[in-house]
Amino acid sequence: MPSSFDYAIVRVVPRVERGELINAGVIVSCPTLDYLAAKVALDAARLHALSPSSDAAEIEAALAVIPLIAASDPRGGPIAALPRGERFHWLVAPRSAIIQTSPVHTGLCEQPGDALAQLFERLVLPPR
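Be aware that the sequence shown starts at 1, since it is given in our numbering, and climbs by one per residue.
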């Protein structure tokens, strides 16, 4: 039986004033299956094309914390200790920083892990 899930795209906006962005990850929450996970990857070449002065290593380090928070991993800091729903809302809260998320979207899935993988491939990875 399909379950509803929510997801947001993680975006890198290297120059906020320009509004140009790179999709760099996906966060998926499926409360009925007690699921929250995120997958991230930064295309450093695309980042460099948009903003040659951006520090890809620094941005990758900041992105790497997102899956840790989603997984409730202590390496994600104090936010990772929050209940699943609060972690999701914190992760997708609007920001005006370099790392932002899209509005939250919904879908139906059998397995939220499969939905995460499909969304990541479709929305983040370069086309094959």
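Just so it is clear, CB atoms sit at the ideal spot from N, CA and C, and this is done for glycine as well.
Just the C-alpha distance for residue i and residue j, rounded to the nearest angstrom, thanks.
| i | j | result |
| --- | --- | --- |
| Gly-107 | Arg-95 | 24 Å |
| Ser-29 | Ile-79 | 16 Å |
| Ser-51 | Glu-20 | 10 Å |
| Pro-67 | Met-1 | 27 Å |
| Pro-103 | Gln-118 | 18 Å |
| Ser-53 | Pro-14 | 9 Å |
| Ser-3 | Asp-34 | 11 Å |
| Gly-76 | Ala-38 | 12 Å |
| Leu-82 | Ser-72 | 8 Å |
| Val-10 | Arg-84 | 18 Å |
| Pro-126 | Val-40 | 13 Å |
Where DSSP assigns a beta bridge to residue i, which residues make up the other side?
| i | result |
| --- | --- |
| Gln-118 | Beta-bridge pairing links Gln-118 to no other residue. |
| Thr-32 | Its beta-bridge partners do not exist; DSSP assigns none. |
| Ser-3 | Cys-109 |
| Ala-37 | Val-28 |
Which of helix, strand or coil does DSSP assign to residue i?
| i | result |
| --- | --- |
| Ala-8 | strand |
| Gly-25 | strand |
| Gly-135 | Given a span of 1 to 128 for the chain in the structure shown, any question on residue 135 remains unanswerable. |
| Ile-66 | helix |
| Ile-98 | coil |
| Ala-56 | helix |
| Arg-87 | helix |
| Val-104 | coil |
| Pro-75 | In the sequence on display, residue 75 carries Arg and not Pro. Here Arg-75 sits in helix by DSSP. |
Rank the options by C-alpha distance to the C-alpha of residue i and give the top, closest one.
| i | options | result |
| --- | --- | --- |
| Glu-86 | Leu-42, Gln-111 and Leu-36 | Leu-36 |
| Pro-31 | Cys-109, Val-124, Pro-74 and Arg-122 | Cys-109 |
| Ile-59 | Pro-126, His-105, Ile-98 and Arg-18 | Ile-98 |
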